[in-house]
Amino acid sequence: MIILALDAALGRCSACVVSDGVVLAHRHQDGGRGQAALLAPMVAGVLADADLGATALAAVAVTVGPGSFTGLRAAIALAQGIAAGAGCTLIGVTVAEALIAGLPTNAASRDVWVAIDSRRDRVFLVRGADQAAYALNSLPVAAGRIAVAGDAAIAVACRLAARGTASVMLTDARLPDATMVAAVAARRLAGDLPMIPVEPLYIDAPEAKLPAGGLRPAPLA
Numbered sequence: 013m014i015i016l017a018l019d020a021a022l023g024r025c026s027a028c029v030v031s032d033g034v035v036l037a038h039r040h041q042d043g044g045r046g047q048a049a050l051l052a053p054m055v056a057g058v059l060a061d062a063d064l065g066a067t068a069l070a071a072v073a074v075t076v077g078p079g080s081f082t083g084l085r086a087a088i089a090l091a092q093g094i095a096a097g098a099g100c101t102l103i104g105v106t107v108a109e110a111l112i113a114g115l116p117t118n119a120a121s122r123d124v125w126v127a128i129d130s131r132r133d134r135v136f137l138v139r140g141a142d143q144a145a146y147a148l149n150s151l152p153v154a155a156g157r158i159a160v161a162g163d164a165a166i167a168v169a170c171r172l173a174a175r176g177t178a179s180v181m182l183t184d185a186r187l188p189d190a191t192m193v194a195a196v197a198a199r200r201l202a203g204d205l206p207m208i209p210v211e212p213l214y215i216d217a218p219e220a221k222l223p224a225g226g227l228r229p230a231p232l233a
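Here it is as structure tokens:
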């Protein structure tokens, strides 16, 4: 079972080809800008590195968010196109699912908080089934043993530790990676996890909006 996975949700752009849990090819580049332009050649590169064509794929997996407007839409559109051309399954994976798949084994006994930077001193927190945005100075009450992941993990872990009401573990799972996406996708293909819509999930509504009356018609020549 060969899976092509790609991610451009946060501050990293990555792609990989995985066959039955074995990574055949993997590329990534950190940095929040230009991901839309990097992703297509990166995908072509990992397919070439694995010496495979798209028709060999059983599935294409992609992160659906929450994350950046441009990165999510570029990655999802590319994944949709590849899956349609190859006639294979398209699988969506949330950023939280990917990060949890990348947690170290010593975090398994802890409650996991995935903290995603939402700008303006806010974070989007995923705590099990609870998902909501919070101001950094108004985080929910924490108790017990907690592992924190995500690109806002440092800010959240520091604030929780300062309260002294919980045992806080700051993990290295800060950014999702295509290998994490592939691991979750394999579970979806096996039926261990339900499928989810392959649609972008945003923390906030996109800031770039069409005018209420729609676009103006092109001027007459």
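Position in the sequence shown (first residue = 1) + 12 = this note's numbering. We put the beta carbon where it would ideally sit given N, CA and C, even for glycine.
Sequence-distant residues of the same chain with beta carbon closer than 6 Å to residue i, five excluded per side
| i | result |
| --- | --- |
| A95 | V72, L102 |
| V193 | A17, D19, A73, T75, V105, A110 |
Spatial distance of residue i from residue j (CA atoms)
| i | j | result |
| --- | --- | --- |
| V168 | Q143 | 15 Å |
| S31 | A70 | 9 Å |
| R199 | F136 | 25 Å |
| P53 | L201 | 26 Å |
| Q47 | A86 | 8 Å |
| A185 | A113 | 9 Å |
| I15 | D163 | 26 Å |
| G83 | M207 | 21 Å |
| S150 | A195 | 33 Å |
| I128 | S26 | 18 Å |
| D61 | A37 | 6 Å |
| P116 | M13 | 25 Å |
| D63 | P188 | 25 Å |
| A21 | I166 | 19 Å |
| L59 | P152 | 43 Å |
Reduced DSSP secondary structure (H/G/I, E/B, other) of residue i
| i | result |
| --- | --- |
| L222 | Low confidence applies here, because L222 scores a pLDDT of 41, under 50, leaving its location unreliable; read the following figure in that light. In the structure shown, L222 sits in coil (DSSP, three-state: anything other than H, G, I, E or B). |
| R139 | strand |
| D61 | helix |
| R157 | strand |
| I94 | helix |
| I88 | helix |
| M13 | coil |
| M207 | coil |
| L102 | strand |
| T177 | coil |
| A110 | helix |
| G83 | helix |
| D39 | Reading off the sequence, residue 39 comes out as Arg, not Asp. Strand. |
| A147 | strand |
| R24 | strand |
| T183 | coil |
| A73 | strand |
| A120 | coil |
Contacts around residue i, its chain only, beta-carbon distance under 8 Å, and the 5 residues preceding and following it disregarded
| i | result |
| --- | --- |
| I158 | R122, D123, V124, W125, L172, A178, S179, V180, M181 |
| A197 | I15, A17, A71, A73, I103, V105 |
| G2 | Examination of residue 2 is not possible in this model, given that the chain is present from 13 through 233 alone. |
Beta carbon proximity, residue i to chain D, threshold 8 Å
| i | result |
| --- | --- |
| Q41 | Given the protein chain composition of this structure (a single chain), no chain D is represented. |
Spatial neighbours of residue i in its chain, beta-carbon cut-off 7 Å, leaving aside the 5 residues before and after
| i | result |
| --- | --- |
| Y214 | G77, P78, F81 |
| V35 | C28, T191 |
| I88 | V74, V76, V210, P212 |
| D42 | G23, R24 |
| G57 | R39 |
| A147 | D133, R134 |
| A108 | V126, V138 |
| C100 | L69, A70, A71, V72 |
| N118 | none |
Expected contact under 8 Å - CB spacing of residue i and residue j to nearest Å
| i | j | result |
| --- | --- | --- |
| T183 | A161 | 5 Å |
| T67 | A91 | No, T67 and A91 are not in contact; Cβ-Cβ is about 16 Å, not under 8 Å. |
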